[in-house]
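One structure is given here, and the rest of the page talks about it.
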Amino acid sequence: MAGNDYVKFMTEQVVKYLDQPKDERKKQRQQKKEFKKQQKQPFLYRWFGVIPYAIILLFKRK
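Each number in the working numbering corresponds to the 1-based position in the sequence shown with 1 added.
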């Protein structure tokens, strides 16, 4: 995209966002937060893989 096209695109997005009612914007933000929470994996799994996570689950069962 050329610089001018990008500015046009961003302007359209901002205007579209500002034309929405305030309640609808809040609702969209809340849905986005909930979606991110659902997609988030446990800390150990994200940083170290599945092996440490599996070991901890084994110890929790005992």
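Where is the CB? At the ideal position from N, CA and C, for every residue including glycine.
The beta carbon of residue 47 is closer than 7 Å to none in its chain, skipping five residues each way along the sequence. When DSSP states are grouped into helix, strand and coil, residue 53 belongs to the helix group. Counting along the chain, residue 40 sits inside the alpha helix (DSSP H) bounded by residues 23-40.
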